[in-house]
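Chemist: Be aware that the sequence shown starts at 4, since it is given in our numbering, and climbs by one per residue. The beta carbon of each residue, even a glycine, is placed where N, CA and C say it ideally should be. Fair warning: this is a prediction, and the values are worked out from it, not measured in the lab.
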Amino acid sequence: AHCQAQVDGGLAQGRPVGTPRGAGGGTPGSVPANLVGSWVHAAWGQTERFKLASDGTGYYQSGITSQQACAVTDQTFFDGTAVVDATTITIYATTVPNTRNQCGQETKTSDAPQTLKFSYTFDASTDALRVIDNTCAAKYPDSPSSQKLYCQNDYARE
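Next comes the structure, spelled out in structure tokens:
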């Protein structure tokens, strides 16, 4: 509201206003060279993966397999752009396809676009990526031990 005259003036002269957007109007991606690649965490039937590209595209994948009377696999990709700064990985997912395979019967659905935020640390000497899901951590604001137990995972480069 305080800048309306400048915005209107810029638009009238055909100048762009605001933050440039990536292809398709999405947030432009940005990934440091040392984090480019595919990173995976797998334990107890669950697999999580980050795929971070040098052009700023990327995804976060979450999959889980369980054995009931037959195998059940659920997998979701949060696909779009990745913005990585010194402490945060943000995935701006423009497509969110889900696949469920239950006893050989496959079902596909899609969710609305989403933004996912993760805190991280990276140790270049060991090529180790430690990630905390910020949405999960927000459920335990007063319990760092619960955040570590439920929300933190170590990822290995694939």
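Would you identify the three-state DSSP class for LEU57, choosing helix, strand or coil?
Modeler: The count along the sequence shown starts at 1 and reaches residue 57 at position 54. Just to set this straight, residue 57 is Ser in the shown sequence, not Leu. Three-state DSSP puts SER57 in coil, outside helix and strand.
Chemist: Pull the bridge partners of LEU132 from the DSSP assignment, please.
Modeler: Looking up residue 132 in the sequence shown gives position 129. Paired residues: PHE125, TYR158.
Chemist: Rounded to whole angstroms, what's the CA-CA distance from LYS151 to SER41? Just pull it up for me.
Modeler: Locating residue 151 in the sequence shown gives position 148, counting from the first residue. Locating residue 41 in the sequence shown gives position 38, counting from the first residue. Cα to Cα, the separation comes out at about 23 Å.
Chemist: Kindly indicate which residue of GLN71, PRO100, TYR143, GLN108 has the alpha-carbon position closest to the one of SER65.
Modeler: As a first step, residue 65 must be located in the sequence shown, where it is residue number 62. The shortest Cα separation from SER65 among GLN71, PRO100, TYR143, GLN108 belongs to PRO100.
Chemist: Taking just the CA atoms, how far does ASP82 sit from ALA74?
Modeler: Within the sequence shown, the letter at position 71 stands for residue 74. Within the sequence shown, the letter at position 79 stands for residue 82. Those two C-alpha atoms are separated by around 26 Å.
Chemist: Helix, strand or coil for SER146, going by three-state DSSP, please let me know.
Modeler: The sequence position of residue 146 within the sequence shown is 143, counting from 1. Coil at SER146, not helix or strand.
Chemist: Hey, quick one: how far does the beta strand (DSSP E) through ALA74 stretch, first residue to last?
Modeler: Counting from 1 along the sequence shown, the entry for residue 74 is found at position 71. That run of the beta strand (DSSP E) goes 74-87.
Chemist: Just to confirm my understanding: we take ALA140, look at its own chain, exclude 5 residues before and 5 after, and list those with CB closer than 6 Å. What are they?
Modeler: To locate residue 140, count along the sequence shown from 1; it is residue 137. Answer for ALA140: GLN150, CYS154, listed in chain order.
Chemist: Taking the straight line between their C-alpha atoms, what separation do you get for PRO19 and SER33?
Modeler: As a working note, residue 19 is residue 16 in the sequence shown. As a working note, residue 33 is residue 30 in the sequence shown. Caution applies to PRO19, whose pLDDT of 40 falls short of 50 and renders its modelled position unreliable; the model cannot decide the point.
Chemist: Can you say whether ALA96 is buried or exposed, counting buried as having 16 or more other CB atoms within 10 angstroms of its CB?
Modeler: To locate residue 96, count along the sequence shown from 1; it is residue 93. Buried, since its Cβ has 16 or more Cβ neighbours within 10 Å.
Chemist: Measuring straight from C-alpha to C-alpha, what distance separates VAL87 and PHE125?
Modeler: Indexing the sequence shown from 1 puts residue 87 at position 84. Indexing the sequence shown from 1 puts residue 125 at position 122. Rounded to whole angstroms, VAL87 to PHE125 spans 12 Å at the Cα level.
Chemist: If you check the beta carbons only, do GLY59 and PHE53 fall under 8 Å apart?
Modeler: Numbered from 1 along the sequence shown, position 56 holds the residue referred to as residue 59. Numbered from 1 along the sequence shown, position 50 holds the residue referred to as residue 53. Contact flag unset, no.
Chemist: Apply the 10 Å Cβ neighbour rule to ALA85 and answer buried if 16 or more other Cβ atoms are within range, or exposed otherwise.
Modeler: Here the question's residue 85 lines up with position 82 in the sequence shown. When all chains shown are included, ALA85 counts as buried.
Chemist: What are the boundary residues of the alpha helix (DSSP H) that THR138 is part of?
Modeler: Residue numbering aside, residue 138 sits at position 135 when the sequence shown is read from its first letter. Residues 137-140.
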